[in-house]
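J.: Protein sequences, first through last, are from chains R and F. Quick note: the first sequence uses the numbering used here, first residue 1, plus one each step. Quick note: the second sequence uses the numbering used here, first residue 1001, plus one each step. Where is the CB? At the ideal position from N, CA and C, for every residue including glycine. Below is a structure I'd like to ask you about.
Protein chains: 2
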Amino acid sequence: MSDPGLACCTPLSGTAMSAEQAEQVAPLLKALADPVRLRLVSLIASSATREACVCDLNDAFDLTQATISHHLKVLHSAGLLDRDKRGVWVYYSVRPEALSAVASLFSTSALAPA
Amino acid sequence: MSDPGLACCTPLSGTAMSAEQAEQVAPLLKALADPVRLRLVSLIASSATREACVCDLNDAFDLTQATISHHLKVLHSAGLLDRDKRGVWVYYSVRPEALSAVASLFSTSALAPA
DNA sequence: ACAGGACATCGACGGACGTCGATGTCTGTA
DNA sequence: TACAGACATCGACGTCCGTCGATGTCCTGT
């Protein structure tokens, strides 16, 4: 709200991300913005079968089973992981669409570095 | 920690992200995991000169100047924004290295969708 | 039917987060 | 030198987050 003749800079070109788009993507980033959850997704994504059962994920961390279950729930609620119960075990797999939705933020959208 | 003969799945191939790498990138994601901060970075990155002064950024939101200043500080502390005071005004610009560090997560690392 | 294991849920606790009004600091101008 | 404006900092408030122990639910083998 500066004086017209005293502008400090050009008034921000209009190709930036919309507020709605930001509100949509931020929860995905928030779900990933934790070291444990980041490693969880990475462990599942780098698995040979692109999925992993909770028991093996538990063993990869020095955390309680309740805590790992909580983090998996957060990732699942955010739409980043799929959940598949097979018998006694539960298998989580990554949702490529969700991950690429975040990836496109940094390549094609207004956040592209170049 | 299941019985050897009773494994529920292969014990997670070893190409996943390290704990140290996760601890390093998570703060960057946490800084971006907010709608306001996401728009701030987008506004600055999409600006013609790749920078923006705080006064214009203030006008783009229905938030207090103190709140915007706080968000800019968070982004700056995370290494995502550069700060340059020129006279009365302060100009923020994106740090391409930081942004591409996050971008590489989703393209080349263990989080790549394909 | 029963026992045991895999996983989810609950309740609680300490700490971090987003926002605000008020105030401080610095810079250019009258 | 005094003033006004741009931006940062401070202190406070309510809310959300990460973690835990305890408990619940569901499945499988005996």
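(1) Starting from Cys1053 (chain F), follow its DSSP beta bridges and name the residues at the other end.
(2) Excluding the five sequence neighbours on either side, which residues of its own chain have a C-beta within less than 7 Å of the C-beta of Glu120 (chain R), listed in chain order?
(3) Does any CB atom of chain R fall closer than 8 Å to the CB of Asp1126 (chain F)?
(4) Look at the alpha carbon of Asp1084 (chain F) and the alpha carbon of Arg83 (chain R), and state the distance between them as a whole number of angstroms.
(5) Measure the alpha-carbon distance for Glu1020 (chain F) versus Val36 (chain R) and round it to whole angstroms.
(6) By Cβ distance below 8 Å, which residues in the same chain neighbour Ser13 (chain R) in space, the five residues on each side in sequence not counted?
(7) Between the C-alpha atoms of Thr1064 (chain F) and Leu28 (chain R), what's the straight-line distance to the nearest angstrom?
(8) Less than 7 Å between the CB of Gln1021 (chain F) and some heavy atom of the ligand SAH, yes or no?
(9) Tell me whether Leu111 (chain R) sits in a helix, a strand or coil according to DSSP, three-state version.
(10) Counting contacts by CB-CB distance shorter than 8 Å, is Thr15 (chain R) in contact with chain F?
(11) Rounded to whole angstroms, what is the Cα-Cα separation between Leu1111 (chain F) and Leu1081 (chain F)?
(12) With a cut-off of 8 Å, does the C-beta of Val1074 (chain F) fall near any C-beta of chain R?
(13) Do you know how far the Cα of Gly87 (chain R) is from the Cα of Ala96 (chain R)?
(14) Who are the near neighbours of Ala16 (chain R) in its chain, counting only those whose CB is closer than 6 Å to its CB and skipping five residues on each side?
(15) I'd like the list of long-range same chain contacts for Pro1004 (chain F), defined as Cβ closer than 7 Å, with 5 residues on each side in sequence excluded.
(16) DSSP has Asp82 (chain R) in a bridge; who is on the other side?
(17) Of all the options R:Ala31, R:Asp56, R:His71, which has the alpha carbon lying nearest to the alpha carbon of Leu99 (chain R)?
T.: The short version:
(1) Position 53 of the second sequence holds residue 1053 (chain F). Note: Cys1053 (chain F) sits in a beta bridge opposite F:Tyr1091.
(2) Residue 120 (chain R) cannot be examined here, being either before or after the span of chain R that is shown, 1 to 114.
(3) With chain F represented from 1001 up to 1114, any question about residue 1126 (chain F) goes unanswered, as that position is not in the structure.
(4) As a position in the second sequence, residue 1084 (chain F) is number 84, starting the count at 1. As a position in the first sequence, residue 83 (chain R) is number 83, starting the count at 1. Going by the C-alpha atoms only, they are around 47 Å apart.
(5) Here the question's residue 1020 (chain F) lines up with position 20 in the second sequence. Here the question's residue 36 (chain R) lines up with position 36 in the first sequence. C-alpha separation (whole angstroms): 11 Å.
(6) One-based indexing of the first sequence puts residue 13 (chain R) at position 13. Same-chain partners within the cutoff: there are none.
(7) Within the second sequence, numbered from 1, the residue matching residue 1064 (chain F) stands at position 64. Within the first sequence, numbered from 1, the residue matching residue 28 (chain R) stands at position 28. Each residue's Cα considered, the two are about 26 Å apart.
(8) Looking for the ligand SAH in the displayed structure turns up nothing, as the structure carries no ligands at all.
(9) Start at 1 with the first residue of the first sequence, and residue 111 (chain R) comes out as number 111. DSSP places Leu111 (chain R) in coil when its eight states are reduced to three.
(10) In the first sequence, residue 15 (chain R) corresponds to position 15, counting from 1. Taking Cβ atoms only, chain F reaches closer than 8 Å to Thr15 (chain R), which makes this a yes.
(11) The sequence position of residue 1111 (chain F) within the second sequence is 111, counting from 1. The sequence position of residue 1081 (chain F) within the second sequence is 81, counting from 1. The straight-line gap from Cα to Cα measures roughly 25 Å.
(12) Here residue 1074 (chain F) corresponds to residue number 74 of the second sequence, with the count starting at 1. It does not; no Cβ of chain R falls within 8 Å.
(13) As a position in the first sequence, residue 96 (chain R) is number 96, starting the count at 1. As a position in the first sequence, residue 87 (chain R) is number 87, starting the count at 1. Going by the sequence as given, residue 96 (chain R) is Pro instead of Ala. Taking the straight line joining both Cα atoms gives about 25 Å.
(14) The sequence position of residue 16 (chain R) within the first sequence is 16, counting from 1. Taken in chain order, the residues that qualify are Ala110.
(15) Here residue 1004 (chain F) corresponds to residue number 4 of the second sequence, with the count starting at 1. In this predicted model, Pro1004 (chain F) has a pLDDT of only 37, less than 50, meaning its place in the structure is not dependable enough to derive any value.
(16) By 1-based counting over the first sequence, the position of residue 82 (chain R) is 82. R:Ser93.
(17) Within the first sequence, numbered from 1, the residue matching residue 99 (chain R) stands at position 99. Residue R:Ala31 is the option with its Cα nearest to Leu99 (chain R).
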